[in-house]
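Here's the structure, in structure tokens; my notes come after.
2 protein chains.
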Amino acid sequence: MEKPVSSSVIKRLPRYYRYLGELITLGIERISSKELSQRMGITASQIRQDLNCFGGFGQQGYGYNVEYLYGEIAKILGLNFKYKAILVGVGNIGHALTRNTNFEKRGFNLVGIFDTDPQKIGMKVQDLTVLDYKEVKSFIEAEAPTMAILSVPRAVANQVANELYDLGIKAFLNFSYAELSKKEDTVLENIHLGDSLMRLCYKISEKNKNEV
Amino acid sequence: MEKPVSSSVIKRLPRYYRYLGELITLGIERISSKELSQRMGITASQIRQDLNCFGGFGQQGYGYNVEYLYGEIAKILGLNFKYKAILVGVGNIGHALTRNTNFEKRGFNLVGIFDTDPQKIGMKVQDLTVLDYKEVKSFIEAEAPTMAILSVPRAVANQVANELYDLGIKAFLNFSYAELSKKEDTVLENIHLGDSLMRLCYKISEKNKNEV
DNA sequence: TTGAAGTTTACATAATTGTTACAATTCACT
DNA sequence: AGTGAATTGTAACAATTATGTAAACTTCAA
Chain A
1 MEKPVSSSVI KRLPRYYRYL GELITLGIER ISSKELSQRM GITASQIRQD
51 LNCFGGFGQQ GYGYNVEYLY GEIAKILGLN FKYKAILVGV GNIGHALTRN
101 TNFEKRGFNL VGIFDTDPQK IGMKVQDLTV LDYKEVKSFI EAEAPTMAIL
151 SVPRAVANQV ANELYDLGIK AFLNFSYAEL SKKEDTVLEN IHLGDSLMRL
201 CYKISEKNKN EV
Chain B
213 MEKPVSSSVI KRLPRYYRYL GELITLGIER ISSKELSQRM GITASQIRQD
263 LNCFGGFGQQ GYGYNVEYLY GEIAKILGLN FKYKAILVGV GNIGHALTRN
313 TNFEKRGFNL VGIFDTDPQK IGMKVQDLTV LDYKEVKSFI EAEAPTMAIL
363 SVPRAVANQV ANELYDLGIK AFLNFSYAEL SKKEDTVLEN IHLGDSLMRL
413 CYKISEKNKN EV
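Sequence lines, in order, name chains A and B.
The working numbering applies: residue 1 is where the first sequence begins, and numbers increase by one.
The working numbering applies: residue 213 is where the second sequence begins, and numbers increase by one.
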């Protein structure tokens with residue numbers, strides 16, 4: 001029986017992956033937890049402990065092989081799966097996401113984009129055509145996508161999420177400012193831009209307070 | 213001497229704020245930690261303890277006044293300040309952010325947007341005109357913005373951040389996939405879309421593993 | 001006016017997360 | 001081959017974070 005890995009560790013994995021990717025482009029072949037810790041600004045022992053949750057990827061007295069570790073983390077994250085994803089809401093954000101995101105490298109394959117606005121339907125974005133949201137049911141039945149990206153207005157976010165849930169989609173990446181009511185058997189990641197802005201605002205205010 | 217509030221608490225504040233906003237639109241005037249905890253899916257005790265970090269906003273035997281608490285959290289976050297912000301990199305994401313983000317409600321005021329691409333310079337986005345990044349120095353000297361949003365390509369992110377830092381900007385909201393090297397006297401929030409995708413990918417893979 | 005129900009506050013306890021320390025192992029060099 | 005320096009893996013410890021709970025206060029109804 002495998003022990004479940006704490007979510008704190010999972011949160012850090014993509015960051016490790018990012019750093020290792022950079023090391024590869026720099027041509028660095030091996031790295032010690034100590035050096036990586038200096039680059040990343042966390043303790044070496046945390047790195048070792050995190051990685052050890054998934055098995056011993058390093059070699060004592062040697063360190064970690066960058067390319068190997070990179071590949072192992074990719075496996076852990078499941079990036080090789082290329083889950084089918086759809087995007088609902090081709091507004092400013094949805095449009096930008098479609099054109100700007102390298103889904104392939106992060107485990108997904110964007111296969112359909114949807115909107116309700118007649119002006120947008122039929123429009124080409126990258127190599128995809130905006131489909132009528134009315135067709136989402138038949139599309140999902142045919143393609144069976146795993147994940148949906150929600151970039152719809154706040155007011156309809158929960159409704160759309162429920163509809164997609166009923167059609168079998170159990171994984172969501174939510175960009176809308178709404179708080180999605182999380183169901184038991186779904187997985188969800190939120191990107192709340194507004195929250196980040198407010199946290200930044202707090203930090204700035206706090207810093208000013210301490211300096212004056 | 214005020215004790216510093218833990219960053220775990222700060223991370224949750226915007227979420228409280230969001231929920232309280234929703235309660236206001238629902239016309240709810242008062243709420244107990246118990247009911248809020250049920251809506252938010254966290255323990256009542258945590259809500260009470262979080263809020264008590266900043267003083268007693270509730271009334272025993274009554275609960276919390278929604279509107280008052282909403283206002284108090286806004287004060288704590290510093291949302292009343294309207295710090296001046298600039299945005300660098302009017303690509304897909306930068307463009308979408310400019311048009312789609314309600315900065316005013318989150319403590320900021322977007323006063324300038326910049327790019328290096330001659331095709332983009334002079335373009336109107338909302339009520340702002342894209343300025344030449346070459347002018348950023350004189351602009352900052354004149355306007356003294358507090359914060360910069362970085363939506364530039366990964367390759368130049370650190371360079372741009374350093375330039376802005378030297379010009380006096382000490383707060384950054386980073387959208388680029390790069391890892392900004394954090395300086396002592398700066399505050400930084402990252403929005404790494406790629407990381408969220410990878411975490412979601414992990415969760416999906418994990419879920420599948422457990423179900424099969 | 002009084003008491004019961006409800007609620008915050010404040011604090012004690014539990015759980016989680018991160019750090020330290022060190023034994024076991026490997027590499028590099030002579 | 002042998003030795004020392006480097007480095008991981010891991011167990012014990014410390015710190016942080018979350019939860020549970022008793023005491024004090026408020027409201028409200030009889």
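Glycine is no exception: its CB is placed at the ideal position from the N, C-alpha and C atoms.
| Query | Result |
| --- | --- |
| So, do the region 298-317 of chain B and the region 360-370 of chain B have three or more beta carbon pairs nearer to each other than 8 Å? | yes |
| Could you spell out the range, first to last residue, of the beta strand (DSSP E) harbouring A354 (chain B)? | First-last for A354 (chain B): 348-355, but that is the alpha helix (DSSP H), not the beta strand (DSSP E). |
| Residues of chain A with CB under 8 Å from K394 (chain B), in chain order? | G41 |
| Any contact between the region 67-78 of chain A and the region 10-25 of chain A? By contact I mean 3 or more CB pairs, one from each, below 8 Å. | yes |
| Measure the Cβ-Cβ separation of K137 (chain A) and L167 (chain A) and say whether it is below 8 Å. | yes |
| How about G107 (chain A) and L131 (chain A): do their beta carbons lie closer than 8 Å? | no |
| Does the separation of the CB atoms of A373 (chain B) and L200 (chain A) fall below 8 Å? | no |
| From the DSSP output, in three-state form, read off N312 (chain B) for me. | helix |
| Start and end of the beta strand (DSSP E) containing L69 (chain A)? | Note, L69 (chain A): premise wrong, no beta strand (DSSP E); alpha helix (DSSP H) at 66-77. |
| Pull up the CB-CB distance for I243 (chain B) and G275 (chain B), whole angstroms please, since I reckon it's below 8 Å. | 6 Å |
| Below 9 Å between beta carbons is the criterion; list the residues of the region 118-141 of chain A that meet it against any residue of chain B, in chain order. | none |
| With a threshold of 16 other CB atoms inside 10 Å of the CB of T25 (chain A), please say whether the residue is buried or exposed. | exposed |
| Q126 (chain A) by DSSP, collapsed to three states: which one? | coil |
| Check each candidate in A:H192, A:D185, A:S8 and name the one with the smallest Cα separation from N314 (chain B). | A:H192 |
| Verify whether the separation of the beta carbon atoms of T98 (chain A) and V125 (chain A) is less than 8 Å. | yes |
| I'd like to know whether the C-beta of D407 (chain B) is nearer than 8 Å to at least one C-beta of chain A. | yes |
| Rounded to whole angstroms, what is the Cα-Cα separation between S257 (chain B) and E247 (chain B)? | 11 Å |
| Label D115 (chain A) either buried or exposed according to how many other C-beta atoms from any shown protein chain fall within 10 Å of its C-beta, with 16 as the threshold for buried. | buried |
| Buried or exposed, going by whether 16 or more other CB atoms sit within 10 Å of the CB of E29 (chain A)? | exposed |
| Assign Y414 (chain B) to buried or exposed, taking buried as 16 or more other Cβ atoms, counted over all protein chains shown, within 10 Å of its Cβ. | buried |
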